[in-house]
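Remarks on the structure that follows.
Protein chains in written order, with the working numbering: chain A, 4 to 314; chain B, 4 to 314.
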């Protein structure tokens, strides 16, 4: 990188690099970050690509908020406290206005998630963003997918299906859209464009949960990953799924499809051992037991889980 | 990610995740890596994009070796010991043969650089690779660009200009190529396709150097970054530049252009304080002094430093 590229990075991204753990931020060959004593590093990388992960012409600030949330929700699922992130941005053209809007989204993420941006690479090419998030856990306490046990309850955070419904609205796949109140549309699209990485659950998870996974591909698919890794079976009760009022107003069948098989919510699925009291915001939706596979009383009308290289 | 995509990742990338510091590798929401006691994390992300950073139809194993070397050389420049890396790969199609060849390059990097691959994201889109490398330094001992002082010597590792000459050969910009011995061509192209991240210098740098930077954009450009960050001037003596025999045989003028302004070598430029004996492999090519700017007794015939968003 050289010259004007450096300038662009500094102007738009370098201001988000401060933080209590950051010893050296954007601008050198690498950043330097201090971990708390007796802790381990947790790291995850996620890419989002225009046309694959978000519709063409998505507002740049939403490109940023989705990319960061997708990566940061992996920290939540590992029960890791946020440390810092790096961001590699590929852009077709050096576009000041685009970068300005992107930066606004990024700034919100940095602040709301306490994830200072400590490294950036800006390259020319088709629009794509790769975010690498780093977090820390007290040594040995990272939550793994393989930790669920027979007898655990399957719980989920917040509400499910909103982001998938939002995407359907954005893509014009819900007709007639004029029957849907504007506030509902705004809420559901907001859940797609600006998902919330559930880092507020990290402390509780570390103290109480056996296992967690973030729901990026849809509840059925992601719980299957957890059940398989844990050597358990899991059953899901569709009547217990937490649905937002806006989603419910779209009709029961679509709701359940989205809640079970729509991805992009970045909520958490959690295995909670018996006897632990569930705090508000965590819904009990199923049970782990001996065996294998995931069962639900209803089947989504079509397989909606996301598989980039799938059929 | 789901189904077949998971399978592809596991089959091709998951086998490179072991290492003494790796507590949990590819396959969960995040990886868990232990740092040595009393150390800090060093992190850097680099993207390479087809058509921008490497020619279309570059062998997949070379896409891997260049992408990893470009990122890992940042660890060397920070004087950081390698810990682990994550890799986000965007591919137009799920191509087993492509992934097999890519994996071969990746495996060589993992082994030769001691950089286990602990996280992967595979997405569909235009070919691009983002590598995030993590390393560790004893607390407070990361080498910064801003550390050079008047009186320091400017030194460089190995030889310069080979990769830029190799790229010119690959792109058919050197005519007539049949005058160039096959062995020279192979050597120079190899220096472009398979650069070496100079991690073998990390211990020496930490003990002796004031500052370091990896030469990705060309010696003049990168030394200017170092001099600017350090508030120094620097002079470079073209007759002292270390040139390989293969490069020298291409003719003196071209040689110096490539050595001064050709990027892609990923060698290190180092500020070494007076009184430190230079070990073999480190060439003394200039001096830091009070002032600003970088001076050289010759000017490259054209500005060859890489600037993606430049003119």
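By construction, the Cβ of each residue, glycine as well, lies at the ideal position given by its N, Cα and C atoms.
Residue 137 of chain B and residue 87 of chain B have their alpha carbons spaced roughly 5 Å apart. 96, 97, 121, 122, 123, 124, 125, 126, 127, 128: these are the residues of the segment 95-128 of chain B whose beta carbon lies less than 9 Å from some beta carbon of chain A, given in chain order.
With 16 or more other CB atoms across the displayed protein chains lying within 10 angstroms of its CB, residue 303 of chain A is buried. Contact annotation, residue 293 of chain A with residue 236 of chain A: C-beta distance approximately 7 Å; criterion of less than 8 Å satisfied. Distances from the CA of residue 165 of chain A to each of A:203, A:228, A:260 were compared; the closest alpha carbon is that of A:260.
Within its own chain, the residues whose Cβ lies closer than 8 Å to the Cβ of residue 38 of chain A, once the five positions on either side in sequence are excluded, are 24, 44, 86, 139, listed in chain order.
Counting the other CB atoms within 10 Å of its CB gives residue 42 of chain B a total of 16 or more, which places it among the buried residues. In this structure, DSSP gives residue 26 of chain A an extended state, which the three-state scheme calls strand. Per DSSP, the unbroken beta strand (DSSP E) holding residue 42 of chain B starts and ends at 42-52. A contact between stretches requires three or more CB pairs, one per stretch, nearer than 8 Å, and the segment 22-36 of chain A fails this requirement with the segment 69-81 of chain A. Cα atoms of residue 270 of chain A and residue 199 of chain A: separation of roughly 8 Å, rounded to the nearest angstrom. Counting the other Cβ atoms within 10 Å of the Cβ of residue 147 of chain A gives 16 or more, which makes it buried. Residues of chain A whose Cβ lies closer than 8 Å to the Cβ of residue 295 of chain B do not exist; the shortest such Cβ separation is about 16 Å. Beta-bridge partners assigned by DSSP to residue 170 of chain B: none are found.
Taking the beta carbon of residue 260 of chain B as reference, no residue of chain A falls within 7 Å; the closest one sits roughly 16 Å away. By a beta-carbon distance limit of 8 Å, residue 80 of chain A does not contact residue 84 of chain B. Their separation comes to about 29 Å. Among the residues facing chain A, residue 93 of chain B is included, as its CB has a counterpart in that chain under 7 Å away. Nearest neighbour of residue 204 of chain B by Cα position, chosen from B:275, B:243, B:107, B:109, turns out to be B:275. For residue 57 of chain B, the number of other beta carbons within 10 angstroms of its own is at least 16, and it is reported as buried.
Taken in chain order, the complete alpha helix (DSSP H) segments of 4 or more residues contained in the segment 193-270 of chain B are 205-211, 222-233, 248-251, 255-264.
Excluding residues up to 5 positions away in sequence, 131 lie with their Cβ nearer than 6 Å to the Cβ of residue 52 of chain A in the same chain.
When secondary structure is reduced to three states using DSSP, residue 276 of chain B falls in the coil class, being assigned neither helix nor strand.
Residues of the segment 37-55 of chain B with a C-beta less than 8 Å from any C-beta of chain A: 37, 38, 43, 44, 45, 46, 47, 48, 49, 50, 51, 52, 53, 54, 55, listed in chain order.
The Cβ of residue 212 of chain A sits no closer than 7 Å to any Cβ of chain B.
Exclusion of the five residues before and after residue 96 of chain A leaves 127 as the residues of its chain whose Cβ lies within less than 8 Å of its Cβ.
If the five residues before and after residue 300 of chain A are omitted, its C-beta is found closer than 6 Å to the C-beta atoms of 241, all from its own chain and listed in chain order. At least one beta carbon of chain B lies nearer than 7 Å to the beta carbon of residue 135 of chain A. Collapsing the DSSP output to three states places residue 301 of chain A in coil. At a cut-off of 7 Å, the C-beta of residue 61 of chain B has no neighbouring C-beta in chain A. In this structure, the beta-carbon distance from residue 221 of chain A to residue 249 of chain A does not fall below 7 Å. Pairing residue 64 of chain B with residue 98 of chain B, the inter-Cα distance amounts to about 14 Å.
Between residue 19 of chain B and residue 163 of chain B, the CB-CB gap reaches or exceeds 7 Å.
Between residue 77 of chain B and chain A, the shortest Cβ-Cβ separation is below 7 Å. Around residue 89 of chain A, the beta-carbon contacts reaching into chain B at under 8 Å are 46, 47, 48, 135. Neighbours of residue 131 of chain B in chain A, taken as residues whose beta carbon is under 7 Å from its own, are 93, 128, 131 in chain order. Close CB contacts of residue 194 of chain A within its chain, under the 6 Å cut and outside five residues either way in sequence, are with 165, 166, 169 (chain order).
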